[in-house]
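A short worksheet on the structure shown next.
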Amino acid sequence: MSIIKQINEITKTEVINNVIGEVLEGNINPLELEMKLRALEDISKKIRADIRIKNAVYDEALNYNGQQYLEHEIKITTRKTADYKDDEEWTLLKAKIKAREVFLKSLKEPIIDKDTGEMIQPAKYNVSEIVNFKKCTK
């Protein structure tokens, strides 16, 4: 039986709850799970990024456009994104924002702008601890 068929036979909620339960009960090492989840994310991204897969998905979706397929409505739409890079003023504003960010990050304490009398606060930072994973070369 293909892995795709197996995924469709078990609901995502069941899988999520089962895995969380196994971790909380001590049956699955959380670090091992994290590494395997990262591998699955990488696999998923690389498969979905492959132009052959993108084209195959689009071609197949054409057969179901506006219809239901495996409990999902398939709908092909057009997305329009704006590109402002050719606008000189936009480019200048973007550069000014970046320069301002660098300036605010450099401040250790509030200062007063000599020209305006405005109190300028340093950048605020949200601090959280993260776990980093780096593939061993050995």
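Read in order, the letters of the sequence shown correspond to residues 2 to 139 in this note's numbering. C-beta: ideal position from N, C-alpha, C; glycine also. Quick caveat: nothing in here was measured; it's all calculated off a predicted structure.
Pop quiz: residue i and residue j are said to be a contact at Cβ under 8 Å. What is the actual Cβ separation, rounded to whole angstroms?
i   : j   : result
N64 : I77 : No, N64 and I77 are not in contact; Cβ-Cβ is about 11 Å, not under 8 Å.
K86 : T92 : 7 Å
L34 : V24 : 6 Å
I29 : V20 : 7 Å
At least one CB of chain E closer than 7 Å to the CB of residue i: is that the case?
i   : result
N64 : Note that chain E does not occur in the displayed structure, where there is just one protein chain.
Measure from the alpha carbon of residue i to the alpha carbon of each residue in the options, then state which is nearest.
i    : options                   : result
K106 : A124, D116 and T92        : A124
F134 : D87, W91, G22 and L38     : L38
E72  : E90, T138, C137 and T12   : T12
Q122 : K115, V128, D116 and P111 : P111
K136 : N18, M36, T14 and G22     : M36
Tell me residue i's beta-bridge partners as DSSP assigns them.
i    : result
E74  : Q69
I121 : I112
State yes or no: is the C-beta of residue i within less than 7 Å of the C-beta of residue j?
i    : j    : result
A62  : I75  : yes
I113 : M120 : yes
*May I have a chain-ordered list of the alpha helix (DSSP H) segments no shorter than 4 residues that lie completely inside the stretch 91-117?*
Listed in chain order, nothing qualifies, since the stretch 91-117 has no complete alpha helix (DSSP H) run of 4 or more residues.
*At what residue ranges does the stretch 18-52 contain a whole run of the alpha helix (DSSP H), taking only runs of 4 or more?*
You should have 31-50.
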